[in-house]
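Single-structure report; data block below.
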């Protein structure tokens, strides 16, 4: 434990508190020190790592990263948005598995919401830059990594899911027509619901409706089998984990189901046509999987009221 505390006091604490270094120059140095210490601690036991994370919190390092550091214009920082993405990954990781001593309220009620907002803000900025730069792949890659950091944080602190769903930053992601953004958003909830079967039960009707609206929208408007498949699997998870959510699903899903069934997509044989249009066997298999998942989705969603299935299909 002394190793973690001494390292924090000797290096990071003085660096973060320094007013003689420009903010844009300070961040890469903080990142470098964090990476170095974490690499050394990683070979020790989990207690040492948990103590170090607590030291980062106690000395205000995590607060600095979530506040001043991630809000910078990274076009002026060495390493650019790659630096921001790495800092976001470390920040998220250091908020999980913390060996808290006493001030748990400050950690859960102040730090974690601040970290969540900062990560979403960074992700939104990366998305905007990617879209403004004609879908630059590197920016989309950074965007996806930051959202992976959000996912990691939420897996450990599920109560933050409501904050994400009510965030203006996340709302802007939902409004994007870019399929890569849609894939990331849908995949976020699929991963979380897979990892935490109690997450749906903890969400109110409003936040849950945000997930369902986005999932059903992606199902209805995407031609990408990867996006469609992720949306369907997410809907299935919600239906299976929370019986009371079934009416919400039915209300949002019935128009999509009607269109799908009328178009013949419920018939696996129809996927041969779609497969002919794909350029690879992988895409064709993805289409086939999506068709099968969609059949299951219709069955699961409407099984309590079978007469509606007959009406819709």
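In our numbering, the protein residues as written are 9 to 321. Backbone N, C-alpha and C fix where the C-beta goes; we use that ideal spot for every residue, glycine too.
- Taking the C-beta atoms as reference points, residue 69 is found nearer than 9 angstroms to residue 20.
- In this structure residue 23 touches residue 38 by the C-beta definition: roughly 6 angstroms separates them, less than 8 angstroms.
- For secondary structure counted as the alpha helix (DSSP H) over 4 or more consecutive residues, the segment 203 to 231 holds these complete runs in sequence order: 207 to 210, 213 to 229.
- By the neighbour-count criterion, in which a residue is buried when 16 or more other Cβ atoms sit within 10 angstroms of its Cβ, residue 198 is buried.
- When secondary structure is reduced to three states using DSSP, residue 184 falls in the coil class, being assigned neither helix nor strand.
- Annotated three-state conformation of residue 193 is helix, per DSSP.
- Of the residues assessed, residue 27 falls on the exposed side of the cut-off, its CB having fewer than 16 other CB atoms within 10 angstroms.
- Per DSSP, reduced to three states, the secondary structure at residue 156 is helical.
- Here residue 147 is not near residue 130, since their CB atoms are 9 angstroms or more apart.
- DSSP, read as helix, strand or coil, puts residue 199 in helix.
- Taking 9 angstroms as the cut-off, the beta carbon of residue 169 is found closer than this to the beta carbon of residue 207.
- Straight-line spacing of the CA atoms in residue 201 and residue 98 works out to 23 angstroms.
- Counting along the chain, no alpha helix (DSSP H) covers residue 103, and no H or E run does either.
- The residue from 64, 67, 91 with its alpha-carbon nearest to that of residue 77 is 91.
- Where residue 174 is concerned, there is no enclosing alpha helix (DSSP H), because DSSP gives it neither an H nor an E.
- Exposure of residue 213 is indicated by the presence of fewer than 16 other C-beta atoms within 10 angstroms of its C-beta.
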